[in-house]
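One structure is given below, encoded as structure tokens.
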Amino acid sequence: MAGSQRERSKDRSAKKLLLLLLCGYHAVVARAWNNPHGYKVAAIGSRKAEAVCSVTPSSSSGATVPLNHRHGPCSPAPSAKAPTILELLQHDQLRANSAACAQLGTQGNNCSSSGCQYSVQYFDGSNTTGTYGSDTLALSDADTVTDFHFGCSYHEEEMDEEKFDGLMGLGGDVPSLVSQTAATYGKSFSYCLPPTNSTSGFLTFGAPNGTSGFVTTPMLRYTQAPTFYGVLLKDISVGGTPLRIQSSVFSGGSVMDSGTVITWLPRRAYSALSSAFRSGMRRYPRAAPVGILDTCYDFTGLSNVSVPTVELVFDGGAVMDLDSDGIMIEHCLAFAPTSDESFIGNVQQRTFEVLHDVGQGIFGFRSGTC
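Each residue of the sequence shown is one higher than the one before, starting from 1 at the first, in this note's numbering.
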């Protein structure tokens, strides 16, 4: 095969491999610009997928591959039908509940070492069974990992396996790609999740050339669930006003989870957030709840809306001023209540480069990257 053909083949493989990282939905509210009075003025977009892929710049360091929305035009094998919001939320709630159990040490992994077989149940109810093997992993022409362990699945349930080649484990436990490539990339990676299905983001292995533009906060780890990376949420601001939520509400930390769609907050925190958000949205008529989402609005006939800013304030003073695509999903506030644990979902992470520097024990956030 000619060199150019090999490069195109590798590029297609990389694109297809990473389709799993993005859950399939985007907000109706999009393309916001800042308003000095604590609001983001946003244009109301269509849920209909764009026909043309708009590729965005990637990270400037490390080994980088593109991230594409699995239901959009950037995907080499787009799905014919994207999931509905209710279908997404059903899987999301199951994942959040199961992940909470894992933090308490009550989630079994159903693994067996006999015969090099494995059976894994994921938090959203999907599962895979297959043979556990090893080979040399080539991430680029220069970067190879010998004796890389991975699973060859021969049976999956609740997975759209025809649309992607596999699942890439980026967690903190021993079998993950992050842990197995630590000697090469120093347990550091970052990604940027695109705001719509017609744009692309990126996944980069290795630390950035500098932390300019990043705000950072300490990374938390969970003894009972080492696969998770956590942060300590200190407060939330709505429309520029801090909610002043008691620190004890967030004392257990929040899992930063690209596999969860929306953000799940302890009930006391969610109650304060939804109340403040509703106050800032009084000019718009309320709409019926959509599944677990109970703060929804009727934007019929409107081309622009003013959405209160929402800022997540983390330990050390790091602030994520959420993009409008990170505040609402469909026509609802993209947050929901849970018992005690909290999860920062992929909707809230959109357009940010999210740095996981596991070796240094820090999270970094850089806005407007994709």
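We put the CB at the ideal spot given by N, CA and C, even for glycine.
All values reported here derive from a predicted model rather than from experimental measurement.
Report task. Figure out for me which residue from Thr146, Tyr284, Val145 and Ser251 has the closest Cα to the Cα of serine 303. Result -> Position 303 of the sequence shown, counted from the start, is the residue given in the question as residue 303. Per the Cα distances, Tyr284.
Requested in this report: Below 7 Å CB to CB, which residues in the same chain sit around threonine 369 once its five sequence neighbours on both sides are set aside?
Outcome: For the purposes of this step, residue 369 is taken as the residue at position 369 of the sequence shown. Only Cys192, Thr351, Phe352 and Glu353 meet the Cβ criterion.
Query - Whole beta strand (DSSP E) elements within the segment 245 to 300, 3-residue minimum - result: The segment 245 to 300 contains these whole beta strand (DSSP E) runs: 254 to 256 and 263 to 266.
Query - Between the CA atoms of alanine 183 and threonine 309 - distance to the nearest angstrom - result: For the purposes of this step, residue 309 is taken as residue 309 along the sequence shown, with counting starting at 1. For the purposes of this step, residue 183 is taken as residue 183 along the sequence shown, with counting starting at 1. Whole-angstrom Cα-Cα distance: 41 Å.
Report task. On a CA-only basis, which of Ala276, Phe228, Arg366 and Ile262 is nearest aspartate 325? Give me that one, please. Result -> Within the sequence shown, the letter at position 325 stands for residue 325. If we check each option's Cα against that of aspartate 325, Ile262 comes out closest.
Query raised in the report: In whole angstroms, what separates the C-alpha of phenylalanine 205 from that of leucine 355?
Result: Numbered from its first residue, the sequence shown carries residue 205 at position 205. Numbered from its first residue, the sequence shown carries residue 355 at position 355. Their backbone Cα atoms lie some 10 Å apart in a straight line.
Report task. Examine the Cβ distances between the segment 217 to 231 and the segment 196 to 204 and report whether three or more of them are shorter than 8 Å. Result -> no
Report task. Report the rounded CA-to-CA distance for alanine 138 versus threonine 146, giving the unit in angstroms. Result -> Numbered from 1 along the sequence shown, position 138 holds the residue referred to as residue 138. Numbered from 1 along the sequence shown, position 146 holds the residue referred to as residue 146. The alpha-carbon atoms of alanine 138 and threonine 146 are separated by roughly 9 Å.
Query raised in the report: Within 10 angstroms of its Cβ, does serine 254 collect 16 or more other Cβ (buried), or is it exposed?
Result: Position 254 of the sequence shown, counting from 1, holds the residue named residue 254. By the 10 Å Cβ count, serine 254 comes out buried.
Report task. Rounded to whole angstroms, what's the CA-CA distance from aspartate 173 to glutamine 180? Just pull it up for me. Result -> Translated into positions along the sequence shown, residue 173 becomes position 173. Translated into positions along the sequence shown, residue 180 becomes position 180. Taking the straight line joining both Cα atoms gives about 10 Å.
Query - Bounding residues of the alpha helix (DSSP H) (the contiguous stretch that carries serine 179) - result: Position 179 of the sequence shown, counting from 1, holds the residue named residue 179. Start and end: 177 to 180.
Report task. Sort out for me which residues DSSP pairs phenylalanine 150 with in a bridge. Result -> Translated into the one-based positions of the sequence shown, residue 150 becomes position 150. Answer is Gly133.
Query raised in the report: Assuming proline 175 and glycine 166 make a contact with CB atoms under 8 Å, what is their CB distance in whole Å?
Result: By one-based count along the sequence shown, residue 175 stands at place 175. By one-based count along the sequence shown, residue 166 stands at place 166. Contact doesn't hold; Cβ gap of about 13 Å is too wide.
Requested in this report: For histidine 331, count neighbouring Cβ atoms within 10 angstroms of its own Cβ and tell me buried if that reaches 16, exposed if not.
Outcome: Within the sequence shown, numbered from 1, the residue matching residue 331 stands at position 331. Buried is the call here.
**Report entry** Close Cβ partners of arginine 244 (< 8 Å) along its chain, the five nearest in sequence each way excluded
**Finding:** As a first step, residue 244 must be located in the sequence shown, where it is residue number 244. Taken in chain order, the residues that qualify are Asp235.
Report task. With distances taken Cα to Cα, identify the nearest neighbour of valine 313 among Phe365, Ala288, Ile292 and Thr295. Result -> Taking the sequence shown and counting its residues from 1, the one referred to as residue 313 is at position 313. For valine 313, the nearest C-alpha among the options comes from Phe365.
Requested in this report: Give the secondary structure of glycine 316 by DSSP, where H, G and I count as helix, E and B as strand, and everything else as coil.
Outcome: Counting from one through the sequence shown, the residue named residue 316 turns up at place 316. Helix.
Query raised in the report: DSSP state of glutamine 349, grouped into three classes?
Result: Stepping through the sequence shown from its first residue, residue 349 is reached at position 349. Helix, per DSSP.
Query raised in the report: How would you label alanine 288, buried or exposed, when you count the other beta carbons within 10 angstroms and need 16 or more for buried?
Result: For the purposes of this step, residue 288 is taken as residue 288 along the sequence shown, with counting starting at 1. Its Cβ having fewer than 16 others within 10 Å, alanine 288 is exposed.
Query raised in the report: Do you know whose CA, among Ser119, Ser188 and Cys152, lies nearest glycine 359's CA?
Result: On the sequence shown, residue 359 is found 359 positions in, with the first residue counted as 1. Comparing Cα positions, the closest option is Ser188.
Query raised in the report: Which partner residues of isoleucine 329 appear in the DSSP bridge assignment?
Result: Counted from its first residue, the sequence shown places residue 329 at position 329. In DSSP, isoleucine 329 forms a bridge with Cys332.
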